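Okay, so the sequence shown: first residue is 1 according to our numbering, each after it adds one.
Built from N, CA and C at the ideal position, the CB exists for glycine as well.
Bear in mind the structure is a predicted one, so any value in this text is a computation, not a measurement.
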Amino acid sequence: MKVLVAVPALNEAAAIGGVLASLATAHPLRDVVIVDDGSRDATAQIARDAGAHVVSHAINLGVGAAMGTAFKYAVRNGYDAVIQFDGDGQHRPEHIAQLVAGLDSADIVIGSRFIDGGTFKSSAARRGVQRLIAGVASAYARTKLTDATSGFRIAGPRALAVFAEHYPVEWLGDTVESIVLATRQHLTVAEIPVTMNERAGGTPSQSVFRATLYTGRILFILGLASIRSVPPQLRALRRANERASA
Ligand SMILES: Nc1nc2c(ncn2[C@@H]2O[C@H](COP(=O)(O)OP(=O)(O)OP(=O)(O)O)[C@@H](O)[C@H]2O)c(=O)[nH]1
Ligand SMILES: [Mg+2]
Numbered sequence: 001m002k003v004l005v006a007v008p009a010l011n012e013a014a015a016i017g018g019v020l021a022s023l024a025t026a027h028p029l030r031d032v033v034i035v036d037d038g039s040r041d042a043t044a045q046i047a048r049d050a051g052a053h054v055v056s057h058a059i060n061l062g063v064g065a066a067m068g069t070a071f072k073y074a075v076r077n078g079y080d081a082v083i084q085f086d087g088d089g090q091h092r093p094e095h096i097a098q099l100v101a102g103l104d105s106a107d108i109v110i111g112s113r114f115i116d117g118g119t120f121k122s123s124a125a126r127r128g129v130q131r132l133i134a135g136v137a138s139a140y141a142r143t144k145l146t147d148a149t150s151g152f153r154i155a156g157p158r159a160l161a162v163f164a165e166h167y168p169v170e171w172l173g174d175t176v177e178s179i180v181l182a183t184r185q186h187l188t189v190a191e192i193p194v195t196m197n198e199r200a201g202g203t204p205s206q207s208v209f210r211a212t213l214y215t216g217r218i219l220f221i222l223g224l225a226s227i228r229s230v231p232p233q234l235r236a237l238r239r240a241n242e243r244a245s246a
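And the structure:
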């Protein structure tokens, strides 16, 4: 299976060199694409110098749009699967092989920080939000998910065909909305446990107020995603997947 690792990146000049060096121990950099989303720093140049491919958006369009670009890039270049991998050092390359192996039993495999509790530290507010969203996503996907907002995941061949045609771009909702989209396309979702590094710098602290807003927003988006009419370009794929899973 030909696997592309896609790194959405916005102003990651400080981290991207180290991230690619460690990624190279698990995956060849010629099969890595950085989707530089209008960075104002040297992110793209550093990635290119390291030997990865770089696709740049002229303006910032968000992580969902960056992944949309990555899925199209993958299809055009003959890849069978795409792994989403953060450019800030939080995702660990040693889990890549496990994500690929997970495709034996699902169309999408998510690296979860929280299976059996996990060890990832997050604020109580953030953890509460993640639990609620995972619960709702589980109901949509009809399987138990513990970390629906995790960006560390792989899309296998059938998911790639769908996502190259259409991927959610709603800010901060793409990870969860893509699960609803996949389920409506008769694709299956599974999780494997992963360890994630704490954020290297900065403060991701989410106040209870912001966490509540964020949750409300995602639940609203999920509601819309579950009733939205299927985009025309996905109808044939959906019928084919439905037949295959019947
Ligand atoms: N293409 C693109 N990538 C982005 C954008 N915003 C963030 N990213 C990248 O997406 C990845 C995850 O972003 P983070 O800001 O670390 O998000 P997070 O890990 O969910 O949250 P933290 O806990 O704050 O680290 C990193 O590689 C970022 O560079 C964006 O607007 N466009
Ligand atoms: Mg991060």
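Check                                                                                                                                                              : Outcome
Starting from the N-terminal side, write out each stretch of the alpha helix (DSSP H) that is 4 residues or longer and does not extend beyond the stretch 145–228. : 157–165, 174–184 and 208–227
Let me confirm a value: A244 is counted as buried when at least 16 other C-beta atoms fall within 10 Å, else exposed. Which label applies?                         : exposed
Within its chain, find whatever has a CB closer than 8 Å to the CB of T25; leave out the 5 residues flanking it on each side and keep chain order.                 : P93
Since Q98 is in the alpha helix (DSSP H), which residue starts that stretch and which ends it?                                                                     : I96 to G102
In angstroms, rounded to a whole number, what distance separates the CA positions of L29 and G117?                                                                 : 33 Å
Assign T119 to buried or exposed, taking buried as 16 or more other Cβ atoms, counted over all protein chains shown, within 10 Å of its Cβ.                        : exposed
Would you kindly work out how many angstroms separate the C-alpha atoms of A137 and A52, rounded to a whole number?                                                : 33 Å
According to the Cβ coordinates, are I218 and V176 closer than 8 Å?                                                                                                : yes
Would you mind giving the Cβ-Cβ distance between V3 and Y73, rounded to the nearest angstrom? I have them listed as a contact below 8 Å.                           : Going by Cβ atoms, the distance from V3 to Y73 rounds to 13 Å, so no, they are not a contact pair.
Is the stretch 180–193 touching the stretch 153–169, taking contact as three or more C-beta pairs under 8 Å?                                                       : yes
Name the DSSP bridge partner or partners of I138?                                                                                                                  : What sits at residue 138 in the sequence shown is Ser, not Ile. DSSP lists no partner for S138.
Taking the alpha-carbon positions, what's the A101 to G216 distance?                                                                                               : 34 Å
Since I110 sits in a beta bridge, which residues does DSSP pair it with?                                                                                           : R153 and E191
Could you tell me the alpha carbon to alpha carbon distance between L213 and L172, rounded to whole angstroms?                                                     : 12 Å
Quick check: what's the CA-CA separation for A6 versus S56?                                                                                                        : 13 Å
Is the stretch 126–146 in contact with the stretch 36–45, if contact means three or more CB pairs nearer than 8 Å?                                                 : no
Report the three-state DSSP secondary structure of A246 (helix, strand or coil).                                                                                   : coil
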